[in-house]
Amino acid sequence: MEENNKKRAEDMALHDTSLHLDDTDGDFPVHWKSGSLKYADFKLMAEGGTAKLFTCRDINLHRVVVYKTLHSELRESNIEVQRFLREARVTAKLAHPGTVPVYEMGRDRNGDIYFTMKRVRGRNLRDIIQGLSSKDEKLMQLFPLGVLVDSLIQICQTVAYAHDHGVIHRDLKPANILVGGFGEVLVLDWGLAKVWGEVDLGHNAISEGADPVLTPVGRRYGTPLYMAPELARGDSQIDGRVDVFSLGNILFEILTLSQLLHGETAQEVADNLLTKDLPDPSDFTSSRNVPDALEAICRKALKKDPRERYPSVQSMLDSLKYYQLSGTAIG
20 MEENNKKRAE
30 DMALHDTSLH
40 LDDTDGDFPV
50 HWKSGSLKYA
60 DFKLMAEGGT
70 AKLFTCRDIN
80 LHRVVVYKTL
90 HSELRESNIE
100 VQRFLREARV
110 TAKLAHPGTV
120 PVYEMGRDRN
130 GDIYFTMKRV
140 RGRNLRDIIQ
150 GLSSKDEKLM
160 QLFPLGVLVD
170 SLIQICQTVA
180 YAHDHGVIHR
190 DLKPANILVG
200 GFGEVLVLDW
210 GLAKVWGEVD
220 LGHNAISEGA
230 DPVLTPVGRR
240 YGTPLYMAPE
250 LARGDSQIDG
260 RVDVFSLGNI
270 LFEILTLSQL
280 LHGETAQEVA
290 DNLLTKDLPD
300 PSDFTSSRNV
310 PDALEAICRK
320 ALKKDPRERY
330 PSVQSMLDSL
340 KYYQLSGTAI
350 G
């Protein structure tokens, strides 16, 4: 019975994504709808601190898309509106296989800004790591260490491409990485990205009550559990090495299935980051074999002094590719 139910669910999933004649050969009306009016059948997909995501149907192209819009109470927040616009435009302009294709941006009948993008099926890396930590047998089969390292290489390729185009992500974390069902790995949420032409301005240190897990509303730094020390301090001058640190943090979780940083509040997390020594992956876990080469890459990416880290994401990527081919670290 359980096997039959599983097969039925798989068949339904296939049917839901398959192309049918009605989807491709229907007539196109003379008086067609445009803008937000062409979207129908809205279903809430996810809701975060600043925005809602819906799946909906584009009635002109007969396809399901993801529709993202700000929470109504943030419509008057210049910071959040700018962040929302930046996410849409940065993602659209990068146009890389490791980013989600953006289809359209506009305003609905109430004047609220929205943008639509491709619906991608998959799991975010945070859920994968949590499942592996809980010893989910299916995830353990699907995501051995080699597959996770391959995924990290794809992440680094996307971020290196962004850096080459003048974009620093600033909020890289497992929750912002989507692993698709066909091996594709996508970097999400470019709303905090730093772009060419943006003036380097310091920000206040992390507020006492900020949540360490979430990206704070109305602020320009990333998520406390994954940010580089220079972001936690509020340094005015930052560069692509803040993303190197976050990628090292993600690698630490891949190797240990545990978080690098801990604390009840964002301020406590920042204090631990700035004042305490960071553990090595092999010191943090006894149940997983941590390859020496990957530990060396992780340690270098997580240096507190950015001058001691990899000078670029491309350099870290080169080390990961070298490990992938040889099983050893460069140098």
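Heads up: the sequence shown begins at 20 in this note's numbering, then just goes up one per residue. Glycine included, every Cβ here is placed at the ideal spot set by N, Cα and C.
Exposed unless 16 or more other CB atoms sit within 10 angstroms - verdict on residue i
i	result
D183	exposed
A194	buried
R260	buried
R27	Here the model assigns R27 a pLDDT of 44, short of 50, so the residue's position is not dependable and the matter cannot be decided.
F103	buried
E92	exposed
A212	buried
G346	exposed
F4	The structure shown does not extend to residue 4, since the chain spans only 20 to 350, so no value can be given for it.
Test item: CB-CB of residue i and residue j under 9 Å
i	j	result
R328	A320	yes
A59	R82	no
L244	V198	no
S255	V204	no
R94	V100	yes
G125	S55	yes
I132	I273	no
I172	I196	no
P300	E283	no
Paired residues, beta bridge with residue i - DSSP
i	result
V204	V198
G141	G199
I187	K213
V84	C75 and K137
L89	A70
Between the CA atoms of residue j and residue i - distance to the nearest angstrom
i	j	result
H115	T177	7 Å
L151	Q160	10 Å
I78	T88	19 Å
L113	I349	30 Å
F134	N308	43 Å
H50	D41	19 Å
D30	T294	Only weak support exists for where D30 lies, its pLDDT of 43 falling under 50; the value from the coordinates is given anyway. In a straight line, the C-alpha of D30 is about 53 Å away from that of T294.
N97	R105	12 Å
S334	V263	9 Å
N268	R138	28 Å
L280	L292	7 Å
P163	G210	31 Å
H39	K62	22 Å
May I ask you to verify whether the segment 149 to 156 touches the segment 172 to 190, counting CB pairs closer than 8 Å and requiring at least 3?
-> no
At least three beta-carbon pairs within less than 8 Å, the segment 184 to 201 to the segment 327 to 342 | no
Segment contact, 8 Å Cβ cut-off, at least three pairs: the segment 63 to 70 with the segment 142 to 151 = no
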